[in-house]
Structure formats: C-alpha cells, structure tokens
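Heads up: the sequence lines are chains A and B, in that order. Counting from 1, position 96 in the first sequence corresponds to residue 96 in our numbering; the numbering is continuous, with no gaps. Counting from 1, position 76 in the second sequence corresponds to residue 76 in our numbering; the numbering is continuous, with no gaps. Below is one structure, written out as structure tokens; the observations come after it.
2 protein chains.
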Amino acid sequence: MNLFQKTLAIIFAAASIATVSSVMADEQKTPEEAAIDYRKASFGMIKHHFGPMGAMVKGDKEFNAEEFAKNAEAVATLSKFPMNGFIAGSDMGETEAKDNIWSNMDDFKKKMETFQIEAASLAEIAKGGDMAAIKPQFGKVGESCKACHKEYKED
Amino acid sequence: MNLFQKTLAIIFAAASIATVSSVMADEQKTPEEAAIDYRKASFGMIKHHFGPMGAMVKGDKEFNAEEFAKNAEAVATLSKFPMNGFIAGSDMGETEAKDNIWSNMDDFKKKMETFQIEAASLAEIAKGGDMAAIKPQFGKVGESCKACHKEYKED
C-alpha cells in the first residue's frame, strides 16, 4: 500500500465503525434517548398538521374547511403527547430543549397546558368552518407555541 | 500540499458538502418525504407506548394498572395517525413500506382499521386493571400489528 491507499483504508475503516455505531445506537437507545426521539416525533407531527393551517390562514393555500378542521383536531389531540417525552435525565444528547427548561419545569408544563387549551379551542371553532372566527384563535395557538419556543427551544 | 494532505482536503470538502446537503434536505423536504417522516414518527410513538405494555404482559416489568391504561389509551389514540402519512407518491425514499402496499391499499387500510379497533378495545379493557382480561386483548393488538408488518413492512 502506498500512502494514498493507506489513507483511504483508514478513512473507510473509520466510516464503517461510524456506521456500525450509528446502527447500534438506534437499536440500543437509553430510555432518555428514546424519550428525546419521542418528543421530537410528536412535535414533528404537530408541525406537519400546523403548516397547512398556517398556509390557509395566510392565504397561501386555498381554504378548505374540512381539511382545516381535521388538522386542528389532530393538533389538539397531539398536543397532549410531547410532555411524555420530557423525562428526568433527558437533558443530554440530541435535544433542542434549552437547559433552563429543567429548572423551570412548572412554567414549561403551564405553557404546554396553555397550548393544549388553545389548540382544543381551535379544533372546536374550526368545526364551524368560518375563517373570520378561526383566524384569531389560530393566532392564539401560534402565540402559545412561540411562548415556549422563545424561552425553552434552541433556534 | 503533499498527497496525504491533498487526500484529507478532498475528504473534508466532501464531508462538508454532505453535511450541507443533509441540512438542506431537512429544510426542503418534498411533501412525500415529509409524509414518510410523519408516518415513521407516528409508528415510533406507538412502539414507545406498546413496549412497556409488552414488558408488563410478559412479566419482565411489574404490572402497574394505571401506567398500562395510559399506554393503551395512547396507542388507541395514535393508531388513527399513521394513515395520514401514506400519501400518493410516498413509495420512494427512506421508507420500510414494501412496494406491494400501494397495489393493496384497500387491504392495508382494512388491516389498519383492525389495529385501531383492537387498540380501542384494549384501552377500554385496560381501564379495568385486570391482567387476566388484558392479556388476550393485548395479544389481539399484537396480532393486528404483525398482520401488517408481515405483508407490508421490510424486515
């Protein structure tokens, strides 16, 4: 082997180790790592339903009352899930939660409850299919998201 | 630069491009890629709640009726979400869904409905806190998962 071949051999060996480690990590997650994945999954799903509603409120997407109501209902239901993932010790690893969330857990829970209440209210209002009524309540849900993101989520 | 340095420079440049592409991919997902992420998130959350129930049924974890009932309720609620992610065109990319799922969509939907019904029934039975009643229904939920995984999910 010349130096070039040796270098490549080392790089490929390192890449293989990295791949194996990554696969092992997926299969052998700690409860804390699994909890982080869980809350990310729930927030991701909320975002997925939130997006189309935002586009309709802004007028970027045509208002479809039935679709809007379904998304509002989904956000209201899913809003109850992320807290399950904020378990003790899950402040390490691949998380975007700021450190201060753990010393302000009561405030965080309160903010999450506000989000749940506003989302439930939006789901109720959305059944009426009236954008004039939907718009201000959608704003309140957005504000309840932002209140938490601002304090407790890394940009 | 000698050959070793040049090789390293190329490798690091390639790594940078890969990182940038990965970040861009996250931010600019197609609706189909986003749908795949969504259904994975929902299945992951279901698994997260299913695991502790399985451990209690098997006796690997002490039976806690309240915890079991909460997990059963969560699975019943979340069972209604994965179908939202099986949108047309989401047969490509990072999916473990087999190709035959798309030509058997009616059967897949039927199997998902069976899962939803069995999960709802488990949530009801779990409220009673009687493991003798829970166990056979938990088995039915597990069977409804397996029925789909066997036909439509890559190992």
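All C-beta atoms in this analysis are idealised placements derived from N, C-alpha and C, irrespective of residue type, glycine included. Everything numeric in this text was worked out from a predicted model, so none of it was measured.
Reduced DSSP category for A133/B - H, G, I as helix; E, B as strand; rest coil: In the second sequence, the residue the question calls residue 133/B occupies position 133. In this structure, A133/B counts as helix in the three-state DSSP scheme.
DSSP-derived helix/strand/coil call for A97/A: Locating residue 97/A in the first sequence gives position 97, counting from the first residue. A97/A: strand per DSSP, three-state reduction.
Selected residue, minimal CA-CA separation from E118/A, among Q137/A, V57/A, Y38/A, L78/A: Counting from one through the first sequence, the residue named residue 118/A turns up at place 118. Ranked by how close their Cα comes to the Cα of E118/A, the residues Q137/A, V57/A, Y38/A, L78/A have Q137/A in first place.
Chain A contact residues for T77/B, given Cβ-Cβ distances below 7 Å: Working through the second sequence from its first residue, we reach residue 77/B at position 77. At a C-beta separation below 7 Å, T77/B has these neighbours in chain A: T77.
Chain B within 8 Å of S16/A, Cβ atoms only: On the first sequence, residue 16/A is found 16 positions in, with the first residue counted as 1. Below a pLDDT of 50, predicted positions are generally treated as unreliable, and S16/A, at 48, falls in that range; no measurement from the model is reported.
Length of the line joining the Cα atoms of K146/B and K146/A: Locating residue 146/B in the second sequence gives position 146, counting from the first residue. Locating residue 146/A in the first sequence gives position 146, counting from the first residue. Taking the straight line from one Cα to the other gives about 40 Å.
Beta-carbon spacing of F86/A, R39/A below 8 Å: On the first sequence, position 86 is the one that residue 86/A refers to. On the first sequence, position 39 is the one that residue 39/A refers to. Yes, these two residues count as a Cβ contact at 8 Å.
Chain A within 8 Å of Y38/B, Cβ atoms only: Mapped onto the second sequence, residue 38/B falls at position 38. Output row for Y38/B: interface = yes.
Cβ pair count under 8 Å reaching 3, the region 125–135 of chain B against the region 60–72 of chain B: Proximity of the region 125–135 of chain B to the region 60–72 of chain B meets the contact definition, three or more beta-carbon pairs being nearer than 8 Å.
Nearest to E152/A (by Cα), restricted to the options F50/A, A88/A, K109/A: Here residue 152/A corresponds to residue number 152 of the first sequence, with the count starting at 1. For the record, residue 152/A in the displayed sequence is Tyr; it is not Glu. When only C-alpha atoms are compared, the closest one is K109/A.
Runs of alpha helix (DSSP H) lying entirely within the region 49–123 of chain A, each at least 4 residues, in chain order: Here the runs fully enclosed are 65–78, 100–103.
C-beta neighbour in chain A for M53/B, strict 8 Å: The residue given as residue 53/B occupies position 53 in the second sequence. M53/B is outside the set of residues whose beta carbon lies under 8 Å from a beta carbon in chain A.
Identity of the residue in E113/A, M112/A, V141/A nearest A126/A by Cα: By one-based count along the first sequence, residue 126/A stands at place 126. Nearest option by C-alpha distance: V141/A.
Nearest residue (CA-CA) to A97/B, options K29/B, D155/B, A34/B: Translated into positions along the second sequence, residue 97/B becomes position 97. Closest by alpha carbon: D155/B.
Within 8 Å, strictly: CB atoms of S103/B and I36/B: Here the question's residue 103/B lines up with position 103 in the second sequence. Here the question's residue 36/B lines up with position 36 in the second sequence. Their beta carbons are not under 8 Å apart, which means S103/B does not touch I36/B by this criterion.
Residue environment, T165/A, which counts as buried when at least 16 other CB atoms sit within 10 Å: Any property of residue 165/A remains undetermined from this structure, which presents chain A solely from 1 to 155.
Residues bridged to K153/B (per DSSP): Position 153 of the second sequence, counting from 1, holds the residue named residue 153/B. Checking the DSSP bridge columns, you'll see K153/B partnered with A97/B.
Min CB distance F86/B to chain A below 8 Å: Indexing the second sequence from 1 puts residue 86/B at position 86. Closer than 8 Å: no.
Assigned secondary structure, K127/B (DSSP; H/G/I helix, E/B strand, else coil): Locating residue 127/B in the second sequence gives position 127, counting from the first residue. Coil at K127/B, not helix or strand.
Selection from G44/A, L78/A, D99/A, G54/A that minimises the alpha carbon distance to A120/A: To locate residue 120/A, count along the first sequence from 1; it is residue 120. For the options G44/A, L78/A, D99/A, G54/A, the alpha carbon positioned closest to that of A120/A is the one of L78/A.
Separation of V57/A from A84/A, as counted between CA atoms: As a working note, residue 84/A is residue 84 in the first sequence. As a working note, residue 57/A is residue 57 in the first sequence. Looking at the sequence provided, one finds Asn at residue 84/A rather than Ala. Their backbone Cα atoms lie some 30 Å apart in a straight line.
Contact with chain B by D155/A, beta-carbon distance below 8 Å: The residue labelled residue 155/A in the question sits at position 155 within the first sequence. For D155/A, no Cβ of chain B is located within less than 8 Å of the residue's own Cβ.
Min CB distance M83/A to chain B below 8 Å: Numbered from its first residue, the first sequence carries residue 83/A at position 83. For M83/A, the answer is no, since every Cβ of chain B falls outside 8 Å of its Cβ.
For K29/B, the three-state DSSP class (helix, strand or coil): One-based indexing of the second sequence puts residue 29/B at position 29. Three-state DSSP puts K29/B in coil, outside helix and strand.
Backbone CA spacing between G51/A and G59/B [nearest angstrom]: Along the first sequence, one-based indexing puts residue 51/A at 51. Along the second sequence, one-based indexing puts residue 59/B at 59. Across the structure, G51/A and G59/B are spaced so that their CA atoms are roughly 43 Å apart.
Distance between Q28/B and G93/B (C-alpha atoms, nearest Å): Counting from 1 along the second sequence, the entry for residue 93/B is found at position 93. Counting from 1 along the second sequence, the entry for residue 28/B is found at position 28. Here the alpha carbons of Q28/B and G93/B stand approximately 14 Å from one another.
Any C-beta of chain A under 8 Å from that of A34/B: Residue 34/B sits at position 34 when you count from the first residue of the second sequence. Closer than 8 Å to some Cβ of chain A, the Cβ of A34/B qualifies, so yes.
Rounded straight-line distance, which links the Cα of T95/B to that of A34/A: Position 34 of the first sequence, counted from the start, is the residue given in the question as residue 34/A. Position 95 of the second sequence, counted from the start, is the residue given in the question as residue 95/B. Using only the alpha carbons, I get a separation of about 20 Å.
Inter-residue Cα distance where the pair is G129/B and C148/B: One-based indexing of the second sequence puts residue 129/B at position 129. One-based indexing of the second sequence puts residue 148/B at position 148. When rounded, the distance between both Cα atoms is 28 Å.
Best match in E73/A, F43/A, A41/A for proximity to M53/A [C-alpha to C-alpha]: In the first sequence, the residue the question calls residue 53/A occupies position 53. Check the Cα spacing between M53/A and each of E73/A, F43/A, A41/A: the tightest is with E73/A.
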